[in-house]
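Numbering (the numbering used here), first residue to last: 59 to 358.
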């Protein structure tokens with residue numbers, strides 16, 4: 059059993075809250091940047107910046123690299139996340155509000171548990187199934203209440219739900235490598251492969267995409283895009299690794315339930331977004347269910 063004193067270590071708490079804040083605020087920043095960038099162009103900029111950060115840290119730490127074949131094998135899940143997952147996610151975010159996006163992403167734990175049961179044969183208790191059903195009800199309320207307003211689109215919500223599923227699938231697929239591989243190296247390889255995949259898709263999309271003069275975008279927006287990439291793809295993964303060194307995975311997942319709070323707060327302050335009453339009820343169901351599931355997972 060883990061030492062309870064470690065749960066309250068300032069470094070662990072700051073890292074956990076910091077990771078959640080990065081993921082939450084970066085969603086608001088991405089939503090703001092999407093007013094100037096097409097989704098795929100923004101994703102390429104974000105992944106370039108996060109790759110520069112991660113590989114710079116890896117070089118400073120002098121992390122030894124495996125052979126090219128093993129590097130490719132470790133990095134291939136990056137096609138799923140950040141590749142496919144964030145491609146769908148940013149396209150969806152361009153159609154819906156940042157607040158709704160964050161609430162849908164909070165169901166990732168639900169997908170992880172389901173995929174772990176289906177692909178890895180991990181047991182799922184009746185309590186988790188009941189809580190999962192409650193979360194599904196919450197997702198339905200968040201997605202359908204005012205879904206076709208100026209700030210929200212049902213298609214956008216569905217794309218974000220698909221992105222969340224891809225992220226969960228990535229988590230399950232990399233479980234076998236995580237204990238044996240340096241966490242920073244694993245994330246960096248995944249993001250490098252993800253960037254390569256997204257870059258190819260972006261080049262192909264230029265045939266159908268309206269011509270965009272990137273030189274007309276203000277430097278402040280370029281800075282916003284770069285910072286959102288670091289806060290979305292780079293820094294939080296580093297901070298979350300610190301948490302995982304001190305806490306069981308289930309308890310570490312409790313910090314993830316803070317992400318929608320940062321996103322909703324940031325979206326209210328900077329984007330002037332508001333949820334409907336029914337969506338607030340759905341949000342409460344999702345957050346309550348995800349918190350309870352994380353507690354059950356950590357105690358099992």
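Just so you know, even glycine gets a beta-carbon here, dropped at the ideal spot from N, CA and C.
Inset, instruction - Out of 104, 97, 113, 284, state which residue places its alpha-carbon closest to the alpha-carbon of residue 241. - result: Closest option to residue 241, Cα to Cα, is 113.
Inset, instruction - Report yes if the C-beta distance between residue 326 and residue 78 is below 8 Å; otherwise report no. - result: Going by C-beta atoms, residue 326 is not nearer than 8 Å to residue 78.
Legend entry - Outcome for residue 179 when other beta-carbon atoms lying within 10 angstroms are tallied against a minimum of 16: exposed
Inset, instruction - Throw me the rounded Cβ distance for the residue 80 and residue 294 pair, which I believe falls under 8 Å. - result: With a Cβ gap of about 4 Å, residue 80 and residue 294 count as contacting.
Inset, instruction - Please determine, among 346, 82, 128, 292, the residue with the shortest C-alpha to C-alpha distance to residue 239. - result: 128
Inset, instruction - Could you tell me the boundaries of the alpha helix (DSSP H) in which residue 232 lies? - result: 212-232
Legend entry - the region 335-342 contacting the region 186-193, beta-carbon criterion three pairs below 8 Å: no
Legend entry - Helix, strand or coil at residue 127 [DSSP, three-state]: helix
Inset, instruction - Measure the Cβ-Cβ separation of residue 401 and residue 211 and say whether it is below 8 Å. - result: Residue 401 falls outside the range modelled here, since the chain spans only 59 to 358, and no answer is possible.
Inset, instruction - Counting only runs of 4+ residues fully inside the region 127-208, write out the alpha helix (DSSP H) ranges in chain order. - result: 143-151, 156-163, 166-178, 184-202
Inset, instruction - Using a threshold of 8 Å, state whether the C-beta atoms of residue 256 and residue 145 are closer than that. - result: Closer than 8 Å, so yes.
Legend entry - Sufficient close CB pairs (3 or more, under 8 Å) joining the region 111-125 to the region 153-173: no
Inset, instruction - Put residue 264 into one of helix, strand or coil per three-state DSSP. - result: coil
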